[in-house]
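**Student:**
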Amino acid sequence: MARCSVCGRRAVYVNRAAGVAFCERHFLEYFDRKVRRTIRRYRLFRPREHIVVAVSGGKDSMALLHYLRGLARRVPGWRVTALLVDEGIRGYREYTVKRLVEYAEEHGVDYHIARFKDYIGYTLDEIVRRGRERGLPYLPCTYCGVFRRYIMNKAARELGGTVVATAHNLDDVVQTYLMNIIGNDWEKVVRLGPVSGPASHPKFVRKVKPFYEVLEKETALYAVINGLYTGFEECPYARLSIRWSVRRMINELEERSPGVKYSLLRSLETAIKLLRSQGAGEAERLYTCALCGEPSAHPVCRACQLRLQLGIMEVSREKLESLPPEARRMVEESLRLAEKRRPGGRGDGGGGSGGR
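Taking UniProt numbering, I'd label the letters of the sequence shown as residues 1 to 356.
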């Protein structure tokens, strides 16, 4: 039986990579030190902040909400609001909404629920079904990721938030790192640090990752110790994503060679420095989407591109002709893709492609 490296009591946590073990009390102290160090090192928060915590109802986001709620009580200039984006995934999201509401009401936390139905006009289930009917080549996680980010930024701004805190942990970060390497997307690698995205747009709310250096198993244990774990549901679409396979591969490597995850994080930080030294990310700026007016990495945001392809957004001929050339080109390309893949459209061949 493992013993706490500090006091010799029975350990509840063992970190083989660091060669340490902790009892419950000293694990909580270790966890607190680790998160505070990340906040200080990367200057995640300012003295006065309205922190909007992105909550899914899962173990990581509930742990982050609980941690920041406690920290904000000791920082006079901080205010915390929980924001849950309800995609409308039947048999899953209703349970996590209930978990957040119960926690928020018990602990007096302000919360807001932003629904796909209200912002996009459709639930994720309806969007996935519509995409399959139209033969669009996207997995459910593509729609979810794009629309969740779109809604999160817009809702956080509407709430008056000055920063959005997400519960991405070390595991999430290195998984995304490998996924971007696989996709040869080095511009996204540059943006994988603890502070996400440029803040050069008046409608953009800065995003930070307080759990950037915390392992997933550490956030899970923190949730269990603090009574936040009551059994967490898995998104029914999760196993369709490449992330599922990457996650399993990294966990297998970590089991065989403790410290792999930390090594990947250091590799990411080295890659970011090298890429920035070569000018990557320097030209990064945010446009204002020509269709919806939200901040975007392109003249037309990804959310609007998907809505056009799904056929849930219309653009009048007058509007199209008034757009700047690059924005017009992107809209026309999305409309062509929608027409090409629409059942009965050109190149349809009588059937959709399913949920590739």
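Beta carbons are placed, not taken as given, at the ideal position from N, Cα and C, and that holds for glycine.
Going by DSSP, name the residue or residues bridged to Ile113.
**Tutor:** Bridge partners of Ile113: Leu84.
**Student:** Where does Thr288 sit, in a helix, a strand or coil, going by DSSP?
**Tutor:** Thr288 falls in the strand class under three-state DSSP.
**Student:** Tell me which residues share the same chain as Val174 and place their Cβ nearer than 8 Å to its Cβ, disregarding the 5 neighbours each side in the sequence.
**Tutor:** Ile250, Lys261, Leu264, Leu265 and Leu268.
**Student:** Tell me the rounded alpha-carbon separation between Ala114 and Gly19.
**Tutor:** Their backbone Cα atoms lie some 43 Å apart in a straight line.
**Student:** I need the DSSP call for Arg130, collapsed to helix, strand or coil.
**Tutor:** Here Arg130 sits in helix by DSSP.
**Student:** When DSSP labels each residue in this structure, what does Glu158 get in the three-state scheme?
**Tutor:** Helix at Glu158.
**Student:** Got a sec? Which residues, its chain only, sit under 7 Å from Gly193 by beta carbon, not counting five neighbours each side?
**Tutor:** Hits under 7 Å: Ile272.
**Student:** Just verifying my parser: in three-state terms, what is the DSSP assignment at Ala338?
**Tutor:** Ala338: helix per DSSP, three-state reduction.
**Student:** Find the nearest neighbour of residue 389 within the set Val12, Ala63, Thr288 and Cys7, judged by alpha-carbon distance.
**Tutor:** No information on residue 389 is available, as it lies outside the stretch 1 to 356 that the chain covers here.
**Student:** Could you spell out where the beta strand (DSSP E) holding Val53 opens and where it closes?
**Tutor:** It spans Glu49 to Ala54 - the beta strand (DSSP E) in which Val53 sits, taken as one unbroken run.
**Student:** Asn15 bridges to which residues according to DSSP?
**Tutor:** Paired residues: Val20.
**Student:** For Arg40, count neighbouring C-beta atoms within 10 Å of its own C-beta (all shown protein chains included) and say buried if the count is 16 or more, exposed if not.
**Tutor:** Exposed is the call here.
**Student:** Who are Lys207's beta bridge partners in DSSP?
**Tutor:** DSSP lists Val164 and Ser196 as partners of Lys207.
**Student:** Give me, in chain order, the residues of the same chain whose beta-carbon lies closer than 7 Å to that of Val300; leave out the 5 immediate sequence neighbours on both sides.
**Tutor:** So the list reads Cys289, Ala290, Leu291, Ala327, Met330 and Val331, once near-sequence residues are dropped.
**Student:** So Ala72 is in the alpha helix (DSSP H); what residue range does that whole segment cover?
**Tutor:** Looking at the DSSP string, the run of the alpha helix (DSSP H) that includes Ala72 is Lys59 to Ala72.
**Student:** Excluding sequence positions up to five away, which residues of its chain have a Cβ less than 7 Å from the Cβ of Ala223?
**Tutor:** Hits under 7 Å: Lys59, Met62, Ala63 and Tyr229.
**Student:** Round the Cβ separation of Arg285 and Ser200 to the nearest angstrom and send it over; I've been treating them as touching at under 8 Å.
**Tutor:** Arg285 to Ser200, Cβ: 6 Å. Contact.
**Student:** Compare the beta carbon distance of Arg79 and Val109 with 7 Å and say whether it is the shorter of the two.
**Tutor:** The answer is no: Cβ separation not under 7 Å.
**Student:** Do Val214 and Lys34 have their C-beta atoms within less than 7 Å of each other?
**Tutor:** Cβ atoms of Val214 and Lys34: closer than 7 Å.
**Student:** Take Gly8 as the anchor and find which of Arg16, Cys23 and Ala155 has the nearest alpha-carbon.
**Tutor:** The shortest Cα separation from Gly8 among Arg16, Cys23 and Ala155 belongs to Cys23.
**Student:** I'd like the span of the alpha helix (DSSP H) that includes Ala297, first residue to last.
**Tutor:** Careful: Ala297 lies outside any alpha helix (DSSP H) and carries neither H nor E.
**Student:** Please tell me whether Pro295 and Lys203 are closer than 7 Å, where the distance is taken between their beta carbons.
**Tutor:** Closer than 7 Å, so yes.
**Student:** From Gly293 to Val6, what distance separates their C-alpha atoms?
**Tutor:** Looking at the two C-alpha atoms, the distance is approximately 54 Å.
**Student:** Give me, in chain order, the residues of the same chain whose beta-carbon lies closer than 6 Å to that of Val128; leave out the 5 immediate sequence neighbours on both sides.
**Tutor:** Excluding residues within five positions, the ones whose Cβ falls inside 6 Å are Pro140.
**Student:** Could you tell me the distance, in whole angstroms, from the CA atom of Ile89 to the CA atom of Ile181?
**Tutor:** Roughly 30 Å separates the two Cα atoms.
**Student:** Report all residues from its chain with a CB closer than 6 Å to the CB of Asn153; omit the five preceding and five following residues, and keep chain order.
**Tutor:** Once the five neighbours on either side are set aside, the close Cβ partners of Asn153 are Val205.
**Student:** Confirm, please, whether the CB-CB distance from Val190 to Ala280 is below 7 Å.
**Tutor:** Going by C-beta atoms, Ala280 is nearer than 7 Å to Val190.
**Student:** One question on the structure: do Thr166 and His50 come within less than 7 Å of each other, judged by their Cβ atoms?
**Tutor:** Contact: no.
**Student:** Please say whether Gln309 and Leu136 have beta carbons closer to each other than 7 Å?
**Tutor:** Closer than 7 Å, so yes.
**Student:** In the DSSP output, what is Arg3 paired with across the bridge?
**Tutor:** Bridge partners of Arg3: Arg10.
**Student:** Helix, strand or coil for Arg346, going by three-state DSSP, please let me know.
**Tutor:** Low confidence applies here, because Arg346 scores a pLDDT of 44, under 50, leaving its location unreliable; read the following figure in that light. Coil, per DSSP.
**Student:** Taking 7 Å as the limit between beta carbons, can you name the residues of its chain near Val146, skipping five residues before and five after?
**Tutor:** Taken in chain order, the residues that qualify are Arg302, Ala303 and Leu306.
**Student:** Report the three-state DSSP secondary structure of Arg191 (helix, strand or coil).
**Tutor:** Of the three classes helix, strand and coil, the one that applies to Arg191 here is coil, per DSSP.
**Student:** Residue range of the alpha helix (DSSP H) that His107 falls in?
**Tutor:** Residues Arg93 to His107.
**Student:** Glu333 to Glu339, Cα distance in whole Å?
**Tutor:** Using only the alpha carbons, I get a separation of about 10 Å.
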